[in-house]
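Peer 1:
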Amino acid sequence: MQIDWQNFSPLSAISGGAVIGLAASLCALLLGRVAGVSGILAGLAPPRRGDLVWRLAFVAGLFAAPAAFALAHPLQQPEFRAGAATLILAGGLVGFGSRLGSGCTSGHGVCGLSRLSLRSAAATATFMATGLLTVFFIRHILR
Amino acid sequence: MKMQKGHLLPAFALGLLFGLGLCLSGMTQPLKVQGFLDVAGLWDPSLAFVMGGAVGVGLIGFRLARKPAARSMLGEPFRFPAESGVDAPLLIGSAIFGVGWGLSGVCPGPAIVNLGLFNEKALIFVAAMLVGMGLEKLFALAMHLRATAEEDR
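So the sequence lines, in the order shown, correspond to chains A and B. Letter by letter, the first sequence follows residues 131 to 273 of the working numbering. Letter by letter, the second sequence follows residues 814 to 966 of the working numbering.
Shown next as structure tokens:
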């Protein structure tokens, strides 16, 4: 195993993570909700009375974040190695899988692990494993 | 505390804070996420630090959110998912999710944040993700109908 020292950024990673954990904690303490992005998105359709505004507002906050962040610090456009066709396939799998599995990196990985949920631990271990295998496959077998 | 209709402002602030954390963490960069998943190549351990920071703070926050308080600070009931045990849909769904995550380096939170940068590829990803979510709803409905049909037989 070789460490990518050039891109390794422990300080911004751990402080960014702490901010994510703070947001998830406040979401629980204030709204009584788990801050799982796939679940918040999926709950928009069909819209239910009294359950729509907070979801839309949370998503709008995520959407506004890069503009707010850029006020303090320059933010690069994301760089994708995947082409459009791969992104369509990947997006479909992420959408389908996160709903079937009741959560994604935020709901299971951050909130679920913080709640010491066995289900979320199993989910996180599973998507980490298939994510690792997928990257191994596309970077070291396919190319 | 008086209940505010729909919690528009707090929810927006929470989404904003969550998104700022994602921006700072580097997880909105697909190549950085894939760099973490690429243990056989040049490995970037940063994502483990993101998880460590998030869960470290989250452990405290969710501990505070546990009973005896019957309601959240804004007067909502706590609606956390029940611990219903590890089942096949959880594992199969998570496995499928991981494949898409590895292929793209994108998960739902960073996808929405990147949409805020008006990035074309992020838009493609989010559109496909919403279609995937819709298909899962249809799939769940079909399974439910089949199960009830079998019960009726």
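Heads up, the beta-carbon is just placed ideally off N, CA and C, and yes, glycines get one too. All values reported here derive from a predicted model rather than from experimental measurement.
Can you tell which of B:Pro894, B:Met956, B:Ala878 and B:Ser859 has its C-alpha closest to the C-alpha of Leu141 (chain A)?
Peer 2: B:Ser859
Peer 1: Taking just the CA atoms, how far does Ala175 (chain A) sit from Glu896 (chain B)?
Peer 2: 24 Å
Peer 1: Assuming contact is defined by CB atoms lying nearer than 9 Å, are Ala831 (chain B) and Phe193 (chain A) in contact in what I supplied?
Peer 2: Looking at the sequence shown, residue 831 (chain B) is not Ala but Phe. Going by C-beta atoms, Phe831 (chain B) is not nearer than 9 Å to Phe193 (chain A).
Peer 1: Between which two residues does the alpha helix (DSSP H) harbouring Asn927 (chain B) extend?
Peer 2: Pro921 to Leu928
Peer 1: Would you kindly check if the distance between the Cβ of Leu930 (chain B) and the Cβ of Ala153 (chain A) is under 9 Å?
Peer 2: no
Peer 1: Am I right that Cys234 (chain A) and Val167 (chain A) are in contact with their C-beta atoms under 8 Å? What's the rounded C-beta distance?
Peer 2: 6 Å
Peer 1: Express the C-alpha separation of Ile925 (chain B) and Ile218 (chain A) in angstroms, rounding to a whole number.
Peer 2: Taking the Cα positions, Ile218 (chain A) is about 15 Å away from Ile925 (chain B).
Peer 1: Would you list the residues sitting across from Gln136 (chain A) in a DSSP beta bridge?
Peer 2: None; Gln136 (chain A) has no bridge partner.
Peer 1: How about Phe266 (chain A) and Val852 (chain B): do their beta carbons lie closer than 9 Å?
Peer 2: yes
Peer 1: Could you round the C-beta distance between Phe938 (chain B) and Gly227 (chain A) to whole angstroms and report it? I think they count as a contact, below 8 Å.
Peer 2: Their Cβ separation, rounded to whole angstroms, is 14 Å, which puts Phe938 (chain B) and Gly227 (chain A) out of contact at 8 Å.
Peer 1: Report whether the distance from the Cβ of Gly222 (chain A) to the nearest heavy atom of the ligand GTP is below 8 Å.
Peer 2: Only the bare structure without any ligand can be found here, which leaves the ligand GTP out of the picture.
Peer 1: With a threshold of 9 Å between beta-carbons, can Arg884 (chain B) be considered close to chain A, or not?
Peer 2: At a cut-off of 9 Å, the C-beta of Arg884 (chain B) has a neighbouring C-beta in chain A.
Peer 1: Taking any Cβ of chain B, which residues in the region 164-185 of chain A have a Cβ under 8 Å from it, in chain order?
Peer 2: For chain B, the residues of the region 164-185 of chain A that bring a beta carbon within less than 8 Å of one of its beta carbons are Val164, Ala165, Val167, Ser168, Leu171, Ala172, Ala175, Gly180, Leu182, Val183, Trp184 and Arg185, in chain order.
Peer 1: Pairs of beta-carbons, one from the region 883-899 of chain B and one from the region 198-218 of chain A, closer than 8 Å: are there three or more?
Peer 2: no
Peer 1: Using 9 Å as the limit for Cβ to Cβ distance, is Leu835 (chain B) near chain A?
Peer 2: yes
Peer 1: What residue range does the alpha helix (DSSP H) around His270 (chain A) cover?
Peer 2: According to the DSSP assignment, His270 (chain A) belongs to no alpha helix (DSSP H), since it is labelled neither H nor E.
Peer 1: Quick check: what's the CA-CA separation for Ala195 (chain A) versus Arg269 (chain A)?
Peer 2: 31 Å
Peer 1: What's the gap between the Cα of Gly922 (chain B) and the Cα of Arg966 (chain B)?
Peer 2: 43 Å
Peer 1: In whole angstroms, give me the CA-to-CA distance for Cys157 (chain A) and Arg273 (chain A).
Peer 2: 42 Å
Peer 1: Return the CA-CA distance between Leu829 (chain B) and Val224 (chain A), expressed in angstroms with no decimal places.
Peer 2: Whole-angstrom Cα-Cα distance: 22 Å.
Peer 1: Along chain B, which residues have their Cβ under 7 Å away from the Cβ of Arg273 (chain A)?
Peer 2: In chain order: nothing, as chain B lies at least about 11 Å away.
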